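A.B. asks:
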Amino acid sequence: MLKRFSLFLAVIALLVGGVAPAVAQSGNSLTVLAPTSVQPVVEAWAAAFGEAHTDVSLNVEFVESSEEILSRAANASVILTDDPAAAPELDFECGFISDVYVPLPGVGAWVIASNSCGGSVDPIDAAALDFAAFIVSADGQQVAIDQGALPESVEIVDQAGMTVTIPQPVRRIASPYSMATFYVYGVGAGDRLVVAGYLGVNSDATKDVMRAIDPNFDALSTAVSTLSQKEANIEELAALEPDLLLASARTDWLDAADELGLAIIRFDGESPEKLKEAMSLLGAVLGPNAAYRADEFNAYYDETLANILAQTEGIENPVRVYFSGTDALRAASADMYQTMMIEAAGGVSVSSDLAGYWNDVNLEQIAVWNPDVIFFPPYGGASADAFAAPEWASIKAVQDGKVYGVPKLVAPWDTPVPDSILGIIWMAETLYPDQVDLDCPVEATNFYSRFYGYTVTESDLQSMCP
Amino acid sequence: MYDEAGANLPSIVGPSLLRAEAINYRYTPERQILHDVSLSVPAQSVMFLLGHNGCGKTTLLEILSGVRDVQQGEVFFRDEALHRLPPAVRAQRVGLVPQIHAPAFAYTVRDVVLMGRTPHMGFLGTPGRADYEIVDEAIERTGLGPFRNRAYTELSGGERQLALIARGLAQQTRVLLLDEPTAHLDPRNQHTVLEMIADLASQDVSFVISSHNPNSALLYGDYVAVMKAGHITTLGTPQAVLTEDVLNDAYDMAMDVIYEANVVRAILPRRARYAPRATYRA
Amino acid sequence: MSVERRQAVLYILLLVLPLPLAVYTIGLGRYEIAPGDVVRALADWVTVGHNASDLPDLAYDIVIRVRLPRIAAAMLIGGNLAVTGAAFQGIFRNPLVDSNILGVTSGAGFGAALMLLLKGSTLEVQMSAFFFGMLAVLAAYAASRLYHTAPLLMLTLVGIVIGSFFSSLTSLLKYVADPLDALPAITYWLMGGLTSVTQRDLPMLGLISITGMISLWLVRWRLNVLSMGDSEALALGLNPTRLKVIIILFSTLMTAAAVSVGGVIGWVGLVVPHAARTLVGPSHLRLIPATIAMGMVFLLLIDTLSRTMLPGEVPLGVFTGIVGAPLLLIILRVNKTGWK
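Those sequence lines, one after another, are chains A, B and C. Heads up, the first sequence is in my numbering, so the first residue is 649 and it goes up one at a time. Heads up, the second sequence is in my numbering, so the first residue is 352 and it goes up one at a time. Heads up, the third sequence is in my numbering, so the first residue is 392 and it goes up one at a time.
What follows is the structure in structure tokens.
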């Protein structure tokens, strides 16, 4: 019967000031309004949360329908409904609507919001956020599993085609695959990392951004002395007792990790489909909130890509782009993500005849291609200086001054990380400044706020957008 | 026996070409290899050095050639102190013919012989027309004409030894020192090589030859020096010096010296019970 | 006599072969330029300098700034590696060594990898490669002086040890290198290639190569004598130790210069001297000039294939191995008189 309420919006409403003076007197007291359909789980959460937060008193009330919840919203601070579209109806004077979603099987999405006006450091807001963080955490997931609302293990097929059974919840993630680390942040599970590699985070500026995204960055990036695709200190890794290992399928030491009985997800492939699949895989194993966010990201990616394609498709005489690699004389092959990005941005990669990985080419071959635009990546020895040498002077892109470095905030925008969607926007704007109508600063600001919880600064935008 | 003073060598005649005076040599402070060795090599003569393995023959040859530095004593070529000469000049005075070996590369006989001209070229010199003429003449004198363009590595042991002697000739020194030139050669090749040496000595070159065969010294030598434990024990003409006493002492074994009409004809080891069979019976 | 004459003619042809080949290969490339335009570019370059005629800039740049430096570098490096291989085979009396026996290439490889890891400029990478190449051999030489027996044998052994040591250090650098950053650069560098050669690489390479080639040419007779062994060289009035030190010094300089520009290009120093011996005989009088010429031709041909065959280049070090190894087997089969 409860399944028919496909969407419930739960609102925990806190009455403050003139709205609810009685509650305001009680200080850190949260009134939770929840539908009766999920009563056991919510009660279990409240109990578990209460044990850990003795300074907060939780007052859980259950109601039968979402209409009733909305009607009582003025006297509560959080509304729980099966209709996320109802969230905007919560016309709060202040407080927030959390971006935490807990879609339980057969119940629906939960939104947590606070209707407290306690000033800039509002203890009620903080307590509501703590509660929200708790129910999406591994502990909260464990409570739901104990109540039978979530499965005890999940079976997936990873990108190397291997079937992996992963016990739930996953509390400790090791991510030696430095691209997968960003997938983890993307699905909002960064707090479950115990060790991670960070692609492209090698300068002070990128480290500062990464510290803002995750205060534990320094500890996580150094938790194991040796951890790369080539080699890992397996014993140090094992000492961290990870529940899940995120690896590239080409990682050399996976056999040894297998011996330790670690659950491993192997990622492989460079394409938008593989990127979205990787996000979904993480969503499937990191709990309902992660699954929700993975879907969110994939929908966002598809929508944004469709928007770009709508503008770039049908452009006549597409710009011919040379994408150089770690050296000016190294060309991206047809199989690489960069080539797909250029095509999505409405350009043509001059080196799309090449196969494999990076290819060494000579300047004469580049003269044969005579590209209109040159892109170089934000890693390796690549720099604009290389193209300033006299040998390059007669190449069209150099003559026209159209040599551009692909930006990055943390991970390079030309690699198959979530940020790469911004790379496509950047490319389209760079190639067709007059023909496309995209907004890199707005998109970048939204993207980083939404998926990494990071507020982009003005100087970040300066360095990222054309 | 040899006069310890070393100055008067009654059996050696003619002006000395190469002279060693009171040579002492140690490889390590404890291991003295030559003791107060003095020696004089006359012009146009063949001198054999006899003695068992390790008695210092090769070291002495190396010091006489100037290849090995002296520690005590001095070697003179005529009036020049050999070891004070620049290497190239030294190599114009005295030549050393090593034991035959296979070089790493298959040079032709002519290439090998041509190397003898090295001391006569300048610092960065290369062979000129005159050098080739001298080389071809040396090749002819040693009877290697037909082998001139053959690979040295394809020659027999005797032919290689002749080629090295030709190289010594092309070096145009007055003295050639040979280290066991007949080792590993069959009797015919031994004879060819030593006859060639005796013949060349009668023309213009003196030879000093280390050998394990006292009969070679007897047959082809003008003089013989017998060495033992770093000393020259005896020096003189083979006929005068190669007595049973000298040989027994030199080799630490009993030797028979066979005479024929008061002339020494052969030297043989003495067996305790020697009973040659008269006929062959299977 | 006719045999000798025929050999003399062959020898002369061999010596002049690099020149017409170089002229021919200037006309070849991925970018099609009419022979007439190639000649005009060269004429412009020789006479007035930049682009006196109405030749398009791109064609001029490709002929003068891309092909010419690369052809020159291929010839200098080919000649370098080949002649130092021949010289080392002579002084080490071993037909199976080349100038890397004392660790110069391994040292240079480490130097380059280190600078690539530190994100140095092209020039810094070259200087570092050169410096560590020299350092490896000097270290081998200094270490070998600690032992009093058989100096050359000791030098070889210590050289191999030092070479392995630097190879291990290079592996260590590759191991710590970021797989997206420095690692591909190091890997490509170690495979060797002339893709990024420019005019700016030529002065140092040219100076060291030509000085070195002339020096080895001057001592070509002495190499014959040295190859007979120290005691014979000594008996023939040479100072073998001093001479070898000089030859090793020049060869090491040359190899380090070649490696610093072209990366690790194997097989040239091994295969070319053998091929040259088959054609002109083992005597270094002719072998040294012939080896220089054939080294030039060998690398020029392979590099021309490498830069014209496919849009993506085949790494030169890989190519020389693929061509060199079977070639060496054929030479070993055909040649019965090259060495013992």
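Even glycine gets a Cβ: it sits at the ideal position worked out from N, Cα and C. All figures in this text were calculated on a predicted structure; none of them were measured in a lab.
1. Note the first and the last residue of the continuous beta strand (DSSP E) segment covering A:S896.
2. Below 6 Å CB to CB, which residues in the same chain sit around C:L719 once its five sequence neighbours on both sides are set aside?
3. Can you name the start and end residues of the beta strand (DSSP E) that B:G476 belongs to?
4. From the DSSP output, which residues share a beta bridge with A:P815?
5. Ends of the beta strand (DSSP E) at A:S705?
6. When Cβ atoms are compared, which residues of the region 581 to 592 of chain C fall closer than 7 Å to chain A?
7. Quickly, what does DSSP pair B:Y610 with across the bridge? List them, please.
8. Measure the alpha-carbon distance for C:P409 versus A:V998 and round it to whole angstroms.
9. Kindly list, in the order they appear in chain A, the residues whose Cβ is closer than 7 Å to that of C:Y422.
10. So what does B:F427 bridge to, in DSSP terms?
11. Any Cβ of chain A within less than 8 Å of the Cβ of C:G418?
12. What number of angstroms, rounded off, separates the C-alpha of A:S801 from the C-alpha of A:E907?
13. Which residues in chain D sit within 9 Å of C:R484, going by Cβ to Cβ distance?
14. Is the shortest distance between the beta-carbon of C:V662 and the beta-carbons of chain B less than 8 Å?
15. Can you tell me which residues form a DSSP beta bridge with A:I1022?
16. Going by CA-CA distance only, name the one from A:A897, A:G935, A:V933 and A:L910 that's closest to A:E918.
17. Three-state secondary structure (DSSP) at B:P627?
18. Check whether the Cβ atoms of A:Q1013 and C:P702 sit closer than 8 Å, and answer yes or no.
19. Three Cβ pairs or more, each shorter than 8 Å: is that satisfied between the region 550 to 563 of chain C and the region 655 to 672 of chain C?
20. Report yes or no: do three or more beta-carbon pairs, one from the region 513 to 520 of chain B and one from the region 481 to 494 of chain B, lie closer than 8 Å?
21. From what residue to what residue does the alpha helix (DSSP H) around A:K924 run?
22. If contact is defined by three or more beta carbon pairs under 8 Å, each pair taking one atom from either stretch, is the region 933 to 945 of chain A in contact with the region 836 to 850 of chain A?
23. C:Y709 CB to nearest chain A CB: under 8 Å?
24. Which residues in chain B have a C-beta closer than 9 Å to the C-beta of C:V488? List them in chain order.
25. Taking all protein chains shown into account, decide if B:R616 is buried (16 or more other Cβ within 10 angstroms of its Cβ) or exposed.
26. Please list, in chain order, all residues of the same chain as A:R968 whose beta carbon is under 6 Å from its beta carbon, the five residues on each side excluded.
27. List, in chain order, every chain C residue whose beta-carbon is nearer than 9 Å to that of A:S1042.
28. Just to confirm before moving on: does the CB-CB distance between C:W612 and B:M472 stay below 8 Å?
29. Count the other CB atoms, across all protein chains shown, that sit within 10 Å of the CB of A:Q986; report buried if there are 16 or more and exposed otherwise.
30. Please go through the same chain and pick out, in chain order, the residues whose beta-carbon is closer than 6 Å to the beta-carbon of A:Y1052, but skip the five residues on each side of it.
31. Under 9 Å, CB to CB, which of the residues in the region 427 to 453 of chain B have a partner in chain C?
32. If you draw a straight line from the alpha carbon of A:L1070 to that of A:L681, how long is it in whole angstroms?
33. For a contact defined as C-beta to C-beta under 7 Å, what are the partners of C:S622 on chain B?
34. Are the beta-carbon atoms belonging to C:A520 and C:G502 less than 8 Å from one another?
35. Among the candidates A:P1114, A:F779, A:E961 and A:E991, whose CA atom is the shortest distance from the CA of A:K1050?
36. Could you tell me which residues DSSP puts in a beta bridge with B:I583?
C.D. replies: Well, looking at it:
1. As a first step, residue 896 of chain A is located in the first sequence; it is residue number 248 there, counting from the start. L892 to S896 is the extent of the beta strand (DSSP E) around A:S896.
2. Taking the first residue of the third sequence as position 1, residue 719 of chain C is located at position 328. Within the same chain, and ignoring the five residues on either side of C:L719 in sequence, the residues whose Cβ sits closer than 6 Å to its Cβ are V662.
3. By 1-based counting over the second sequence, the position of residue 476 of chain B is 125. Per DSSP, B:G476 is not a residue of any beta strand (DSSP E), being assigned neither H nor E.
4. On the first sequence, residue 815 of chain A is found 167 positions in, with the first residue counted as 1. DSSP output for A:P815 lists A:S801 as bridge partner(s).
5. Here residue 705 of chain A refers to the residue found at position 57 of the first sequence. Start and end: S705 to V711.
6. Correct list: G584, T586, S587 and T589.
7. For the purposes of this step, residue 610 of chain B is taken as the residue at position 259 of the second sequence. The partner list for B:Y610 (beta bridge, DSSP) reads B:V615.
8. Mapped onto the third sequence, residue 409 of chain C falls at position 18. Mapped onto the first sequence, residue 998 of chain A falls at position 350. Rounded to the nearest angstrom, the two C-alpha atoms are 35 Å apart.
9. Here residue 422 of chain C is taken as the residue at index 31 of the third sequence, counted from 1. The contacting residues are E1012, A1015 and V1016.
10. The sequence position of residue 427 of chain B within the second sequence is 76, counting from 1. BP columns for B:F427 point to B:R370 and B:A432.
11. Position 27 of the third sequence, counted from the start, is the residue given in the question as residue 418 of chain C. Under the 8 Å criterion on CB atoms, C:G418 is classed as non-interfacial with respect to chain A.
12. Position 153 of the first sequence, counted from the start, is the residue given in the question as residue 801 of chain A. Position 259 of the first sequence, counted from the start, is the residue given in the question as residue 907 of chain A. Answer to the nearest angstrom: the Cα atoms are 21 Å apart.
13. Among the chains of the structure shown, chain D does not appear; the protein chains present are A, B and C.
14. In the third sequence, the residue the question calls residue 662 of chain C occupies position 271. It does not; no Cβ of chain B falls within 8 Å.
15. Here residue 1022 of chain A corresponds to residue number 374 of the first sequence, with the count starting at 1. Beta-bridge pairing by DSSP links A:I1022 to A:Y970 and A:V1051.
16. Walking along the first sequence from the start, residue 918 of chain A turns up at place 270. The shortest C-alpha to C-alpha distance from A:E918 to any of A:A897, A:G935, A:V933 and A:L910 is the one to A:A897.
17. By 1-based counting over the second sequence, the position of residue 627 of chain B is 276. Note: B:P627 maps to coil in three-state DSSP.
18. Within the first sequence, numbered from 1, the residue matching residue 1013 of chain A stands at position 365. Within the third sequence, numbered from 1, the residue matching residue 702 of chain C stands at position 311. Yes, the pair counts as a contact, with Cβ atoms nearer than the cut-off.
19. Pairwise C-beta distances place the region 550 to 563 of chain C out of contact with the region 655 to 672 of chain C, as fewer than three of them are shorter than 8 Å.
20. They touch, by the three-pair rule.
21. Position 276 of the first sequence holds residue 924 of chain A. Per DSSP, the continuous alpha helix (DSSP H) segment holding A:K924 begins and ends at P920 to V933.
22. The answer is yes - the region 933 to 945 of chain A touches the region 836 to 850 of chain A, with three or more Cβ pairs under 8 Å.
23. Within the third sequence, the letter at position 318 stands for residue 709 of chain C. Correcting the residue identity first, residue 709 of chain C is Val in this sequence and not Tyr. It does not: the Cβ of C:V709 has no partner Cβ on chain A nearer than 8 Å.
24. Position 97 of the third sequence, counted from the start, is the residue given in the question as residue 488 of chain C. In chain B, no part has a C-beta under 9 Å from the C-beta of C:V488; the shortest such distance is about 11 Å.
25. Taking the first residue of the second sequence as 1, we reach residue 616 of chain B at position 265. Under this definition B:R616 is an exposed residue.
26. Looking up residue 968 of chain A in the first sequence gives position 320. Around A:R968, the same chain offers V996, V998, P1019 and D1020 as residues with beta carbons nearer than 6 Å, after the five sequence neighbours per side are excluded.
27. One-based indexing of the first sequence puts residue 1042 of chain A at position 394. What A:S1042 touches in chain C: P447, D448, L449, A450, Y451, D452, I453 and R456.
28. To locate residue 612 of chain C, count along the third sequence from 1; it is residue 221. To locate residue 472 of chain B, count along the second sequence from 1; it is residue 121. Annotated as proximal: C:W612 and B:M472, with beta-carbon spacing under 8 Å.
29. Reading the first sequence from its first residue, position 338 is the one you call residue 986 of chain A. The residue is buried, with at least 16 neighbouring Cβ atoms inside 10 Å.
30. Taking the first sequence and counting its residues from 1, the one referred to as residue 1052 of chain A is at position 404. Residues F1023 and T1078 of the same chain have their beta carbon placed closer than 6 Å to that of A:Y1052, with the five preceding and five following residues left out of the count.
31. For the region 427 to 453 of chain B, the residues whose beta carbon sits under 9 Å from a beta carbon of chain C are, in order, P437, P438, A439, V440, R441, A442, Q443, V445, G446, L447, V448, P449, H452 and A453.
32. Sequence index remark: in the first sequence, residue 1070 of chain A carries index 422 (1-based). Sequence index remark: in the first sequence, residue 681 of chain A carries index 33 (1-based). Rounded to the nearest whole angstrom, the CA to CA distance from A:L1070 to A:L681 is 39 Å.
33. Sequence index remark: in the third sequence, residue 622 of chain C carries index 231 (1-based). For C:S622, the chain B residues whose Cβ falls inside 7 Å of its Cβ are V418 and P449, in order along the chain.
34. Counted from its first residue, the third sequence places residue 520 of chain C at position 129. Counted from its first residue, the third sequence places residue 502 of chain C at position 111. Contact flag set, yes.
35. Along the first sequence, read from residue 1 onward, the residue named residue 1050 of chain A stands at position 402. Nearest C-alpha to A:K1050: A:P1114.
36. Against the second sequence, residue 583 of chain B aligns to sequence position 232. Assignment of beta-bridge partners to B:I583 by DSSP yields B:M578.
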